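> Chains as they are written, first to last, in the numbering used here: chain A, 27 to 488; chain B, 87 to 378. Take this structure first; my questions come after.
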Amino acid sequence: MSAADEKRDYRLPEGGTWGNAYKLAAGVGAVGLALAAFGYVTEPDRFAYSWLFAFFVVLTIALGSMFFVIVQFATAGAWGITTRRMSELLMSGIPVLALLFLPVIPHIDTLYEWTHVGHHEEAGHGDGHEHGDDDGHEHGAGPSESLVGANVAHAQDGHGGDHGDLDPFSIHVHTPYEAANHHRILEHKVAFLNLPFWAGRAIFYFLVWILLSLTYFRWSTAQDESKDKALTRKMQSFAPASIILFGLTLTFAAFDWIMSLEPTWYSTIYGVYVFAGSSIGVLSLTTLILLSLRSHGILGDAVNVDHFHDLGKLLFGFCCFWAYIGFSQLMLLWYAGIPEEATYYHWRFADGGWATVSVLLVLGHFIFPFFFLISRVPKRRLGMLAFGCSWMLVMHVIDIYWFVMPYAQETGQFAPHWMDLACLVGAGGVYLTVVFFQMKRFPLIPLGDPRLPRALHHVQTQ
Amino acid sequence: MTSDETPEHDDDDLESEDDLEDERGEDEYEEDDDDSEYEEDDDASEADDDASDEGEDASDEDEEDEEDEDDGEEPEEEPEADAPVKAASEPPTPAAKPPVAASPPPKEAAPPPAGSRPALYLAEFDDVGACAKAAARVRDAGYEKWDVHTPYPVHGMDDAMGLPSTKIGIISFVCGMTGVTLAILMMQWMNGVDYPLIIGGKPADAWISMGPIIFELGILLTGFGTVFGLLHLCRLPRHHHPVFESERFKAASDDRFFISVEAADPRFDLDKTRALLEGASPTHLELVEEDL
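Here it is as structure tokens:
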């Protein structure tokens, strides 16, 4: 450390690129929001998917940052202390996500087919008593005409009435038998996928996330002034339980909000897949912000090449982890070939254009970054690292796009829409405005952390 | 911290011993009171002791207590503990400390007896900072066949020694890619061409079902490449090295830091090399000989 670094207070200077970054984010975000609002009025159905996609991109990054903060306390590692505050700042934007989630709520009828199942049941029981005392589980014994009929009737009431006699959500349902089977599966899931429980879970997730993120953020920033070691002990002792909570809430949020877009499909590894992607997102974004701060001379040598090397290693590691999880999911579903499971990949490898995106993900989300990031060189040449992180961030966004958007077109076509970008810019802008504004209020490294000197002097062994 | 800062800046750049010590597990050293010299505050690297002690305090309360006691005692104890004992047949106990004074070390003036030849100079340091600085001197003098022996990995020593980046990564990578290629060729040939079997209605040469094998064979050969490549780079297995002729060298796995400069080095010279090493103020310097 040079003498200049010792005197540094690690705060954003007034003005300058980073001092005004929140204004830029707010301006760009406002434009995005305005466009999204326009789309909300003109094409509400498309807006629902576009916004869910944008929301989930921001959510994965925010939650990933929370994981990155907590895991540093769980491991009590010293190397990443100077990079931790940036993740904490990203984490401090989590409460905003509760607001960003609100536009999804009016559209749950559009997004989630399972919201209609309950209605059908009421209608079915109202129709008459041909089912007798059967509960939903018994319907599968033989797909009855009445079920199919009710399903079709419902479809005509709903959004897809002009698409013939099949449920608009079930683009892969071609025969009455399939329709009945499809419906039977949904009825099996009513105990979990019903509106009150779903809403209660969503509230629970946000409560957990807001509580964890704000608590950790408050403790860590309080330590800047007090230098109180007890705070570090406290954060460490809560870290393991917090990680468990994080893992469960992230997994079930992914189930609830993304996986249930195709409610007959399921994959138990899905939460892990989302977690891998969110780690990639947050590592890329954190590294990019730190690189920019460094190139503006704001951080001095607090985050040095060795720190960036470590961040790059983590990024590479999670890149492989993502591929491992993604492949595990693909291979099991492909091998089993059970119809209701195979649909997920069927639509993503069918002729509708999504096959191109799927191949792009394999090549761009794993193969290319694997060979690009594996060597020591690009992790230590900061320009190359910046490129790698930007690349991975874009790939992460495409990955989420690939989660959500195949359901936006009833025909399963790949059809990008301007509103996707508008929503992403809008939601991302709102979130980053808060994060960048927080950056002005707090030091950019945790000055009170007792291990800070070791992090400042972090050196790699070769 | 960049490489050029590492060994030269006495006051604050090098991590303190307390810090470095984290890497080798405290407990084994804490059992024995005599071993408490590990916590000593050395001139060359004391600057961060306070700060890093705090760090350890927060991370481990047990550690904190023990260390605090130790820290209080050491500086006084240390000068008294230095009766130089040249243990001939038993490993040097911690009590057998060498002279701490940086004055010219005892000369090994006796000419080499017949039937043996100089193998290497072995300079001993009881402080990692001094050892790193001495390593930088040897590096700058242009020696090639020399090494540093420390009880634990020392951050920054790579730079102090001027070591180039290891080649193990390249070896592992090449082996791994060989494994991947072999797996693909093998399965495409066996399943796709030579003896196609339709299993579960899947194409015989489907890529997805080959994924695990590609992965496993890639990992297997990467592991082989890493282990055997490392053995090769370390010139192992090797039955004997003259550095083990020195009784003092046993402390290299305990609490001392050594630099050995081998006689096989083209720049090796009995007098000049000795002068170079003496200039770095080792606590002990000896000429190790090996039998012919």
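Every residue, glycine too, gets a C-beta built ideally from N, C-alpha and C. This one's a predicted model, so the numbers in the text were calculated from it and none came from an experiment.
State the start and end residues of the unbroken beta strand (DSSP E) segment that holds residue 213 of chain A.
Here residue 213 of chain A belongs to no beta strand (DSSP E); instead the alpha helix (DSSP H) covers 202-214.
> Pick from A/82, A/474, A/135 and A/462: whose alpha carbon is nearest that of residue 38 of chain A?
If we check each option's Cα against that of residue 38 of chain A, A/462 comes out closest.
> For residue 232 of chain B, which of helix, strand or coil comes out of DSSP?
DSSP places residue 232 of chain B in strand when its eight states are reduced to three.
> Tell me which residues share the same chain as residue 136 of chain B and place their Cβ nearer than 8 Å to its Cβ, disregarding the 5 neighbours each side in the sequence.
Any answer about residue 136 of chain B is weak, because its pLDDT of 43 lies below 50 and its placement is not dependable; what the coordinates show is given next. Excluding positions up to five away in sequence, the list is empty.
> What is the residue span of the alpha helix (DSSP H) that residue 208 of chain B lies within?
Careful: residue 208 of chain B lies outside any alpha helix (DSSP H), inside the beta strand (DSSP E) at 202-211.
> For residue 366 of chain A versus residue 291 of chain A, is the C-beta distance shorter than 9 Å?
A contact, by the Cβ cut-off of 9 Å.
> List the residues of chain A whose Cβ lies closer than 7 Å to the Cβ of residue 294 of chain B, in chain order.
Going along chain A in sequence order, the residues near residue 294 of chain B (Cβ under 7 Å) are 356, 357 and 360.
> Straight-line CA distance for residue 261 of chain B to residue 373 of chain A?
Their Cα atoms are separated by approximately 37 Å.
> Helix, strand or coil: which one does DSSP assign to residue 469 of chain A?
It is coil, neither helix nor strand.
> Determine the contact status of residue 232 of chain B and residue 351 of chain B, defining contact as a CB-CB distance below 9 Å.
Yes; because the gap between Cβ atoms is below 9 Å, this pair is in contact.
> Between the stretch 66-80 of chain A and the stretch 475-482 of chain A, can you find at least three pairs of beta-carbon atoms closer than 8 Å?
No, because fewer than three Cβ pairs between the stretch 475-482 of chain A and the stretch 66-80 of chain A fall closer than 8 Å, the two stretches do not touch.
> Pull the bridge partners of residue 348 of chain B from the DSSP assignment, please.
DSSP, once it has assigned bridges, lists B/206 as partnering residue 348 of chain B.
> Which residue from A/459, A/473 and A/472 puts its Cα closest to that of residue 48 of chain A?
Selected option, being the one with the closest Cα: A/459.
> If residue 220 of chain B sits next to residue 353 of chain B, beta carbons under 8 Å apart, how far is it from one beta carbon to the other, in whole angstroms?
Incorrect: roughly 16 Å between the Cβ atoms, too far for contact.
> Within 10 angstroms of the Cβ of residue 251 of chain B, are there 16 or more other Cβ atoms? Answer buried if so, exposed if not.
It counts as exposed.
> Give a yes or no on whether 9 Å exceeds the smallest Cβ distance from residue 241 of chain B to chain A.
With 9 Å as the cut-off, residue 241 of chain B counts as an interface residue toward chain A.
> So, do the stretch 109-123 of chain A and the stretch 86-94 of chain A have three or more beta carbon pairs nearer to each other than 8 Å?
Output reads yes: the stretch 86-94 of chain A touches the stretch 109-123 of chain A.
> What does DSSP give as the partner residues of residue 372 of chain B in its beta bridges?
B/208, per the DSSP bridge assignment.
> What three-state label does DSSP hand residue 343 of chain B in the structure shown?
The answer is strand: DSSP assigns residue 343 of chain B an E or B state.
> For residue 252 of chain A, which residues from the same chain have a beta carbon less than 7 Å from its beta carbon, with the 5 sequence-adjacent residues on both sides left out?
If we look at residue 252 of chain A and ignore the five residues flanking it on each side, its Cβ neighbours are 474.
> Give a yes or no on whether the C-beta atoms belonging to residue 427 of chain A and residue 288 of chain A are separated by under 9 Å.
In this structure, residue 288 of chain A does not lie closer than 9 Å to residue 427 of chain A by Cβ.
> Taking the C-alpha atoms as reference points, what is the distance between residue 335 of chain A and residue 285 of chain B?
Cα to Cα, residue 335 of chain A sits roughly 45 Å from residue 285 of chain B.
> Which stretch, first to last residue, makes up the alpha helix (DSSP H) that contains residue 85 of chain A?
Per DSSP, residue 85 of chain A belongs to the alpha helix (DSSP H) from 70-101.
> Rounded to the nearest angstrom, what separates residue 277 of chain B and residue 349 of chain A at their Cα positions?
In a straight line, the C-alpha of residue 277 of chain B is about 24 Å away from that of residue 349 of chain A.
> Identify which residue in A/83, A/40 and A/257 has its Cα closest to the Cα of residue 301 of chain A.
Selected option, being the one with the closest Cα: A/83.
> List the residues of chain A whose Cβ lies closer than 9 Å to the Cβ of residue 255 of chain B, in chain order.
The contacting residues are 400, 401 and 402.
> Just tell me which of A/134, A/304, A/440 and A/203 has its CA closest to the CA of residue 225 of chain A.
Comparing Cα positions, the closest option is A/134.
> Quick check on residue 288 of chain B: does DSSP put it in helix, strand or coil?
In the structure shown, residue 288 of chain B sits in a strand (DSSP, three-state: E or B).
> For residue 288 of chain B and chain A, any beta-carbon pair shorter than 9 Å?
Chain A, which has a Cβ nearer than 9 Å to the Cβ of residue 288 of chain B, makes this yes.
> Can you find a CB in chain A that lies within less than 9 Å of the CB of residue 174 of chain B?
At residue 174 of chain B the pLDDT is 41, less than 50, meaning the model places this residue with poor confidence; the figure from the coordinates comes in the next sentence. Residue 174 of chain B does not count as touching chain A.
> On the three-pair Cβ rule with 8 Å, is the stretch 235-252 of chain B touching the stretch 340-349 of chain B?
Result yes; three or more Cβ-Cβ pairs closer than 8 Å.
> Assuming residue 105 of chain A is part of the alpha helix (DSSP H), what are its boundary residues?
Counting along the chain, residue 105 of chain A falls outside any alpha helix (DSSP H), and DSSP gives it neither H nor E.
> Taking C-beta pairs closer than 7 Å, name the residues in chain B that residue 353 of chain A reaches, listed in chain order.
Per Cβ cutoff of 7 Å: 297.
> For residue 274 of chain A, is the classification buried or exposed, using 16 other Cβ atoms within 10 angstroms of its Cβ as the cut-off for buried?
It is exposed - the Cβ of residue 274 of chain A has fewer than 16 other Cβ atoms within 10 Å.
> Among the candidates B/373, B/214 and B/265, whose CA atom is the shortest distance from the CA of residue 329 of chain B?
Here the closest residue by C-alpha is B/373.
> In whole angstroms, what is the alpha-carbon distance linking residue 15 of chain A and residue 256 of chain B?
Absent from the model: residue 15 of chain A. The displayed extent of chain A is 27 to 488, so no value can be given.
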